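Student:
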């Protein structure tokens, strides 16, 4: 169904004297209550009508926000318009990492500009209004029984016993139907929580932020989960830059297990169950968020490094091995692996062995030589690992690396060009690093 783009032009009069603008706003808000298809632009399976309908809706929202952004501060401060405009803008308050289908980049920009104007007028009123909107959503979550992970203070519940409640069959299907109905009504409100995250004290508002985000983070749709993870990442960024980092709310509320369980599906969003293009959008953000979560929730360094080691062996390296036939995705996972080594600091020396032998195994694949960027990326990480190892211990890897590089060079020799020269230079440097202290 195509949508008629209805945007009135603000004439400088009081908006309440002209019902057109409010009627348009009402129409848009009702139209936003739909079943959204995430990543529609990249998904070839989405039909043209669905894609066009969503694009039309996104454009209509963008034009309406542009109009609202042109309103004078005097009109914005009017009690009759302040809350209404803020609630509408909250649906489009996202950062550049966002993939929400209803908000274009310009919509997000206009939304932030309008919210900043409203904050200049009355910041406390902005926070109160957003909290009121969030509480409305939380009340419905509670009524539907969609989440029982946290208590009213925003702390993890220690017991979650569901007595006399079936987990399968009609009851489970009913929960799924309720979640679908809830999403249809409220998924566009995810942006509202970002206003709180950016402009209010996170710990003071944790009892609103946590259950709101968890509801969407627990959703089965990877697009919804990714967006909730994006908001979570912004929380972690803010907390890591805070003076309260040693006694942060993630640590105090003991909510790390809730986040790790909810994000596991994102970490495992790999081909062939997940389209490769979708994995490229999901994995970098999820690993970045996970690294920050560990910093906040695990104050003991050894425990954090041990947890990182489990992440490496259980998820990251198996993902790399599984996806080696997808060049672009492999490059992304290699980039994540480089960041992982930095996260481990001096503990990387303990984990280098697993990394080295996984990478060597991938390089021995006869087809990998045709993916020049992958070969270069792997050699770079091998070099990083060797650099982490004391010189007197590097010889342990000499023969394995030499055998792999010898096979790789023979395959490279069959080709010509810039990459052949660059690959050989990196191989020579790697071999010198390994054999330097061999004698």
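In my numbering, the protein residues as written are -14 to 424.
Backbone N, C-alpha and C fix where the C-beta goes; we use that ideal spot for every residue, glycine too.
Just so you know, these numbers come straight off a predicted model, no measurement behind them.
#1: Is it right to say residue 268 is buried, meaning 16 or more other beta carbons lie within 10 angstroms of its own, or is it exposed?
#2: Could you tell me the alpha carbon to alpha carbon distance between residue 41 and residue 71, rounded to whole angstroms?
#3: In this structure, does DSSP put residue 324 in helix, strand or coil?
#4: Below 8 angstroms, how does it come out for the region 325 to 344 and the region 297 to 311: are there three or more Cβ pairs, yes or no?
#5: Have a look at residue 83 and residue 266 and give me their C-alpha separation to the nearest angstrom.
#6: Is residue 239 helix, strand or coil by DSSP?
#7: Among residues of its own chain, excluding the 5 on either side of residue 273, which ones have a beta-carbon nearer than 7 angstroms to its beta-carbon?
#8: Taking the alpha carbon of residue 201 as the reference point, which residue from 379, 34, 212 has its own alpha carbon closest?
#9: Apart from the five residues just before and just after residue 365, which ones in its own chain have a Cβ nearer than 6 angstroms to its Cβ?
#10: Please name the residue in 287, 339, 296, 295 whose C-alpha comes closest to that of residue 331.
#11: Do you know how far the Cα of residue 33 is from the Cα of residue 86?
#12: Can you tell me whether DSSP reads residue 362 as helix, strand or coil?
#13: Have a look at 415, 378, 373, 369 and flag the residue whose alpha-carbon is nearest the alpha-carbon of residue 391.
#14: So is residue 350 buried or exposed if we call it buried at 16+ other beta carbons inside 10 Å?
#15: Would you tell me roughly how many angstroms separate the C-alpha atoms of residue 441 and residue 405, rounded to the nearest one?
#16: Could you tell me the boundaries of the alpha helix (DSSP H) in which residue 117 lies?
#17: If I'm right that residue 293 touches residue 337 with Cβ under 8 angstroms, what's the distance once you round it to whole angstroms?
#18: Among the candidates 77, 254, 210, 43, whose CA atom is the shortest distance from the CA of residue 244?
#19: Under a Cβ-count criterion, where at least 16 other Cβ atoms within 10 Å of its own Cβ denotes burial, should residue -3 be classed as buried or exposed?
#20: What residue does the alpha helix (DSSP H) around residue 223 start on, and which one ends it?
#21: Does the pairing of the region 250 to 257 with the region 276 to 286 give three or more beta-carbon distances under 8 angstroms?
#22: If you draw a straight line from the alpha carbon of residue 146 to that of residue 115, how long is it in whole angstroms?
#23: Assuming residue 220 and residue 187 make a contact with CB atoms under 8 angstroms, what is their CB distance in whole Å?
#24: Within a Cβ cutoff of 6 angstroms, which residues of the same chain sit near residue 51, ignoring the five residues on either side of it in sequence?
#25: Whose C-beta lies closer than 7 angstroms to the C-beta of residue 389 among residues of the same chain, with five residues either side of it excluded?
#26: What are the start and end residues of the alpha helix (DSSP H) that includes residue 390?
#27: By how many angstroms is the C-alpha of residue 241 removed from the C-alpha of residue 226?
#28: Just the C-alpha distance for residue 319 and residue 9, rounded to the nearest angstrom, thanks.
#29: Would you list, in sequence order, the uninterrupted alpha helix (DSSP H) runs of no fewer than 4 residues that lie entirely inside the region 246 to 285?
#30: Of the choices 57, 123, 262, whose alpha-carbon is the least far from that of residue 98?
#31: Alpha helix (DSSP H) containing residue 65: first to last residue?
#32: If I follow the unbroken alpha helix (DSSP H) through residue 337, where does it start and stop?
#33: Taking 7 angstroms as the limit between beta carbons, can you name the residues of its chain near residue 310, skipping five residues before and five after?
#34: Under 8 angstroms, do residue 371 and residue 393 count as touching if we go by C-beta distance?
Tutor: On the basis of the supplied data:
#1: Residue 268 sits at position 283 when you count from the first residue of the chain shown. Classification for residue 268: buried.
#2: For the purposes of this step, residue 41 is taken as residue 56 along the chain shown, with counting starting at 1. For the purposes of this step, residue 71 is taken as residue 86 along the chain shown, with counting starting at 1. Cα to Cα, residue 41 sits roughly 22 angstroms from residue 71.
#3: Sequence index remark: in the chain shown, residue 324 carries index 339 (1-based). Three-state result, residue 324: helix.
#4: Segment contact: the region 325 to 344 against the region 297 to 311, three or more CB-CB distances shorter than 8 angstroms; contact assigned.
#5: Indexing the chain shown from 1 puts residue 83 at position 98. Indexing the chain shown from 1 puts residue 266 at position 281. The straight-line gap from Cα to Cα measures roughly 10 angstroms.
#6: Translated into positions along the chain shown, residue 239 becomes position 254. When DSSP states are grouped into helix, strand and coil, residue 239 belongs to the coil group.
#7: On the chain shown, position 288 is the one that residue 273 refers to. Beyond the five residues adjoining it in sequence on each side, residue 273 comes within less than 7 angstroms, by CB distance, of 218 in the same chain, given in chain order.
#8: Along the chain shown, one-based indexing puts residue 201 at 216. Nearest Cα to residue 201 within the set 379, 34, 212: 212.
#9: Residue mapping note: residue 365 aligns to position 380 of the chain shown, counting from 1. Correct list: empty, nothing qualifies.
#10: The residue you call residue 331 lines up with position 346 of the chain shown. For the residues 287, 339, 296, 295, the minimum Cα distance to residue 331 belongs to 287.
#11: Within the chain shown, residue 86 is the residue found at index 101, counting from 1. Within the chain shown, residue 33 is the residue found at index 48, counting from 1. In this model, residue 86 and residue 33 are separated by some 15 angstroms (Cα to Cα).
#12: On the chain shown, position 377 is the one that residue 362 refers to. When DSSP states are grouped into helix, strand and coil, residue 362 belongs to the helix group.
#13: Taking the chain shown and counting its residues from 1, one reaches residue 391 at position 406. Measuring from the Cα of residue 391, the nearest candidate turns out to be 415.
#14: Position 365 of the chain shown, counted from the first residue, corresponds to residue 350. Exposed.
#15: As displayed, the chain neither begins before -14 nor continues past 424, which places residue 441 out of reach and without an answer.
#16: Sequence index remark: in the chain shown, residue 117 carries index 132 (1-based). DSSP places residue 117 inside the alpha helix (DSSP H), whose first and last residues are 90 to 129.
#17: Indexing the chain shown from 1 puts residue 293 at position 308. Indexing the chain shown from 1 puts residue 337 at position 352. That belief does not hold up - the Cβ atoms of residue 293 and residue 337 are roughly 13 angstroms apart, past 8 angstroms.
#18: To locate residue 244, count along the chain shown from 1; it is residue 259. The shortest C-alpha to C-alpha distance from residue 244 to any of 77, 254, 210, 43 is the one to 210.
#19: Stepping through the chain shown from its first residue, residue -3 is reached at position 12. Residue confidence is low: residue -3 scores 40 on pLDDT, short of 50, so the model does not pin down where it sits. Its coordinate-derived value is still stated next. Label assigned to residue -3: exposed.
#20: Reading the chain shown from its first residue, position 238 is the one you call residue 223. Membership of residue 223 in the alpha helix (DSSP H) is indicated by the continuous run 207 to 225.
#21: With a cut-off of 8 angstroms, the region 276 to 286 and the region 250 to 257 do not count as touching, because too few Cβ pairs lie within range.
#22: Start at 1 with the first residue of the chain shown, and residue 146 comes out as number 161. Start at 1 with the first residue of the chain shown, and residue 115 comes out as number 130. Summary for residue 146: the model assigns pLDDT 34, below 50, so the residue's position carries little reliability; its value from the coordinates is reported in the next sentence. Rounded to whole angstroms, residue 146 to residue 115 spans 33 angstroms at the Cα level.
#23: Reading the chain shown from its first residue, position 235 is the one you call residue 220. Reading the chain shown from its first residue, position 202 is the one you call residue 187. Contact holds; Cβ gap of about 6 angstroms.
#24: Reading the chain shown from its first residue, position 66 is the one you call residue 51. Only 95 meet the Cβ criterion.
#25: Your numbering for residue 389 matches position 404 in the chain shown. Cβ-Cβ distances below 7 angstroms link residue 389 to 345, 348, 349 in the same chain, with the five nearest sequence neighbours on each side left out; the list follows chain order.
#26: If you number the chain shown from 1, residue 390 lands on position 405. For residue 390, the enclosing alpha helix (DSSP H) has its first and last residue at 383 to 397.
#27: Position 241 of the chain shown, counted from the first residue, corresponds to residue 226. Position 256 of the chain shown, counted from the first residue, corresponds to residue 241. Rounded to the nearest whole angstrom, the C-alpha separation of residue 226 and residue 241 is 19 angstroms.
#28: In the chain shown, the residue the question calls residue 319 occupies position 334. In the chain shown, the residue the question calls residue 9 occupies position 24. Their Cα atoms are separated by approximately 48 angstroms.
#29: Runs found: 261 to 282.
#30: Reading the chain shown from its first residue, position 113 is the one you call residue 98. In terms of CA proximity to residue 98, 57 leads the group 57, 123, 262.
#31: Taking the chain shown and counting its residues from 1, one reaches residue 65 at position 80. Where residue 65 is concerned, the enclosing alpha helix (DSSP H) stretches over 64 to 74.
#32: Looking up residue 337 in the chain shown gives position 352. Residue 337 -> alpha helix (DSSP H) spans 333 to 348.
#33: Position 325 of the chain shown, counted from the first residue, corresponds to residue 310. Excluding residues within five positions, none has a Cβ falling inside 7 angstroms.
#34: Position 386 of the chain shown, counted from the start, is the residue given in the question as residue 371. Position 408 of the chain shown, counted from the start, is the residue given in the question as residue 393. The answer is no: Cβ separation not under 8 angstroms.
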